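Visitor: Take the position in the sequence shown, starting the count at 1, then add 374; the result is the number in our numbering. Would you mind keeping the following structure in view while I ask a few things?
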Amino acid sequence: MTTHTYDFDGISRSFNVYVPSSYKSNAEALPMVFFLHGLGGSMNNFSGLTYKAEAEKYIMVIPQGLVDQRTGSTSWHSGAGVFGSYSNSTIDDVGFINSMIDSISSWHTVDQDRIYSIGFSMGGYMTNRLGCELGDRIAAIASVAGTIGNEIVNNCNPENIIPSLHIH
């Protein structure tokens with residue numbers, strides 16, 4: 375697992391990447407799976423699942439959400455909110471994840487037709503937002519304990535209908 379940091383929209387953003395040991399540069403295109411942590415979580419929450427990426431041969435990406443100044447917890451601008459107030463409402467997390475797809479694809483051979491997102495709780499909300507707004511890049515989504523945020527529920531018009539799994 376390697377940790378990467380770069381500036382996106384003037385903010386230092388971090389993420390972990392795990393590439394299976396069998397990967398040979400430019401030999402084969404691998405799927406890429408994003409794992410999005412829940413409210414208060416971190417990019418280290420899913421690090422115990424690298425064995426699955428190793429066995430199934432996919433690139434595992436675990437981005438770090440930013441601390442929301444209202445709550446003091448790490449969060450995503452997922453569209454989930456209460457009474458019109460949304461976590462990290464000025465943060466472009468969709469753009470950040472889109473930029474990670476581009477960056478990681480420049481480092482490794484990624485199968486652009488097999489990019490997925492999985493999220494837990496607030497990360498599940500964010501995964502649903504990615505399905506709506508990056509449906510041209512994300513092939514399928516899975517959300518555990520997260521639905522679609524009320525900020526985007528009426529604005530969800532994905533370019534493509536993508537497979538979705540919801541576990542509650």
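Cβ coordinates follow ideal geometry from the N, Cα and C atoms, glycine included. Here the structure is a predicted model, which is why all the values come from computation and not from measurement.
(1) So, helix, strand or coil for A513, using DSSP?
(2) Would you kindly work out how many angstroms separate the C-alpha atoms of D487 and M500, rounded to a whole number?
(3) Mapping DSSP to helix, strand and coil, what is V468?
(4) Measuring alpha carbon to alpha carbon, tell me which of A516, H540 and L504 ends up nearest P532.
(5) Would you kindly work out how many angstroms separate the C-alpha atoms of M322 and S480, rounded to a whole number?
(6) Any idea if E507 is buried or exposed, counting beta-carbon neighbours within 10 angstroms, 16 or more meaning buried?
(7) Should G520 be labelled buried (16 or more other beta-carbon atoms within 10 Å of its own) or exposed?
(8) Are the segment 379–393 and the segment 434–451 touching, with three or more C-beta to C-beta distances below 8 angstroms?
(9) Taking all protein chains shown into account, do 16 or more other C-beta atoms lie within 10 angstroms of the C-beta of G497, making it buried, or fewer, making it exposed?
(10) Roughly how many angstroms lie between the CA atoms of G414 and S421, to the nearest whole one?
(11) Along the beta strand (DSSP E) that carries L410, what are the first and last residues, could you check?
(12) Where V527 and G384 are concerned, what is the direct C-alpha to C-alpha distance, given to the nearest angstrom?
Guide: Concretely, from the data shown:
(1) As a first step, residue 513 must be located in the sequence shown, where it is residue number 139. A513 falls in the coil class under three-state DSSP.
(2) What you label residue 487 is simply residue 113 of the sequence shown in a count that begins at 1. What you label residue 500 is simply residue 126 of the sequence shown in a count that begins at 1. Distance between the alpha carbons of D487 and M500: 20 angstroms.
(3) Position 94 of the sequence shown, counted from the first residue, corresponds to residue 468. Residue state, collapsed to three classes: helix.
(4) Residue numbering aside, residue 532 sits at position 158 when the sequence shown is read from its first letter. Nearest of A516, H540 and L504 to P532, Cα basis: L504.
(5) Residue 322 falls outside the range modelled here, since the chain spans only 375 to 542, and no answer is possible.
(6) Within the sequence shown, the letter at position 133 stands for residue 507. Burial of E507 is indicated by the presence of at least 16 other C-beta atoms within 10 angstroms of its C-beta.
(7) For the purposes of this step, residue 520 is taken as residue 146 along the sequence shown, with counting starting at 1. Within a 10 Å sphere around the beta-carbon of G520 sit 16 or more other beta-carbons, which makes this residue buried.
(8) Look at the beta carbons and you see the segment 379–393 touching the segment 434–451: at least three pairs across the two are nearer than 8 angstroms.
(9) Here the question's residue 497 lines up with position 123 in the sequence shown. G497 is buried by the Cβ-count criterion.
(10) As a position in the sequence shown, residue 414 is number 40, starting the count at 1. As a position in the sequence shown, residue 421 is number 47, starting the count at 1. Distance from the CA atom of G414 to the CA atom of S421, rounded to whole angstroms, is 16 angstroms.
(11) Residue mapping note: residue 410 aligns to position 36 of the sequence shown, counting from 1. L404 to L410 is the span of the beta strand (DSSP E), which, as asked, contains L410.
(12) The count along the sequence shown starts at 1 and reaches residue 527 at position 153. The count along the sequence shown starts at 1 and reaches residue 384 at position 10. Looking at the two C-alpha atoms, the distance is approximately 28 angstroms.
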